[in-house]
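S.K.: Below is the structure I would like to discuss, written out as structure tokens.
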Amino acid sequence: MTETPSVAETCCTSDESAETPGYHDSKRALSRRLKRIEGQVRGIEKMVDEDRYCIDVLTQISAIQSGLKAVALELLDDHMAHCVVNAARAGGDEQEIKLAEVRDAIGRLIR
1 MTETPSVAET CCTSDESAET PGYHDSKRAL SRRLKRIEGQ VRGIEKMVDE
51 DRYCIDVLTQ ISAIQSGLKA VALELLDDHM AHCVVNAARA GGDEQEIKLA
101 EVRDAIGRLI R
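Here's what the structure looks like:
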């Protein structure tokens, strides 16, 4: 008899056989944002190659940082609405693990 995996083992893991991640429903929008950010990074590289004005380059870097922060907040929101809520419903160790993970993630984002 096989043991049923816990919420912590199936929700928001890198295991491809596991449950879909919390961001699954917003995956297309996140992908578009990341492609836009990728294009902005390429644009900055071109600006540097072309010896563009420092403040213009810094302005573009700021825009990229804002875009990355928006992606991170969307992922965090999806994680909390999906994985953390499921773990809280399950209670016990799963709840504590997911709460610790999200607390650490928020700490990294605000540094």
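Sequential numbering of the sequence shown, starting at 1, is according to UniProt numbering.
We treat Cβ as the ideally placed atom computed from N, Cα and C, and that holds for glycine.
1. Sorted by chain position, which residues of the same chain lie with C-beta nearer than 8 Å to residue 76's C-beta, five sequence neighbours on each side aside?
2. Compute the Euclidean distance between the alpha carbons of residue 40 and residue 56, then round it to the nearest angstrom.
3. When burial is assigned at 16 or more other CB atoms within 10 Å of the CB, is residue 24 buried or exposed?
4. Below 8 Å on the Cβ atoms is my contact criterion, and I expect residue 98 with residue 87 to pass it. Report the Cβ-Cβ distance as a whole number of Å.
5. What three-state label does DSSP hand residue 22 in the structure shown?
6. Hey, how far is the Cα of residue 44 from the Cα of residue 22?
7. State yes or no: is the C-beta of residue 67 within less than 9 Å of the C-beta of residue 89?
8. Would residue 28 and residue 71 qualify as a contact pair, given that the criterion is a beta-carbon distance under 9 Å?
9. Quick check: what's the CA-CA separation for residue 84 versus residue 78?
10. What residues in its chain sit with their C-beta under 7 Å from that of residue 60, if we drop five residues either side in the sequence?
M.R.: The short version:
1. Start at 1 with the first residue of the sequence shown, and residue 76 comes out as number 76. Contacts found: 102, 105, 106 and 109.
2. In the sequence shown, counting from the first residue as 1, residue 40 sits at position 40. In the sequence shown, counting from the first residue as 1, residue 56 sits at position 56. So the two alpha carbons sit approximately 12 Å from each other.
3. The residue labelled residue 24 in the question sits at position 24 within the sequence shown. Exposed, since its Cβ has fewer than 16 Cβ neighbours within 10 Å.
4. As a working mapping, residue 98 is identified with position 98 in the sequence shown. As a working mapping, residue 87 is identified with position 87 in the sequence shown. Right, the Cβ-Cβ distance comes to about 4 Å (below 8 Å), so this counts as a contact.
5. As a position in the sequence shown, residue 22 is number 22, starting the count at 1. Residue 22: coil per DSSP, three-state reduction.
6. Taking the sequence shown and counting its residues from 1, the one referred to as residue 44 is at position 44. Taking the sequence shown and counting its residues from 1, the one referred to as residue 22 is at position 22. Cα to Cα, the separation comes out at about 32 Å.
7. Position 67 of the sequence shown, counting from 1, holds the residue named residue 67. Position 89 of the sequence shown, counting from 1, holds the residue named residue 89. Their beta carbons are not under 9 Å apart, which means residue 67 does not touch residue 89 by this criterion.
8. Working through the sequence shown from its first residue, we reach residue 28 at position 28. Working through the sequence shown from its first residue, we reach residue 71 at position 71. Residue 71 is positioned such that its CB atom lies no closer than 9 Å to that of residue 28.
9. Looking up residue 84 in the sequence shown gives position 84. Looking up residue 78 in the sequence shown gives position 78. Take the alpha-carbon of residue 84 and the one of residue 78: they are about 9 Å apart.
10. As a position in the sequence shown, residue 60 is number 60, starting the count at 1. Counting only Cβ-Cβ distances below 7 Å, and skipping sequence neighbours, we find 40, 43, 44 and 47.
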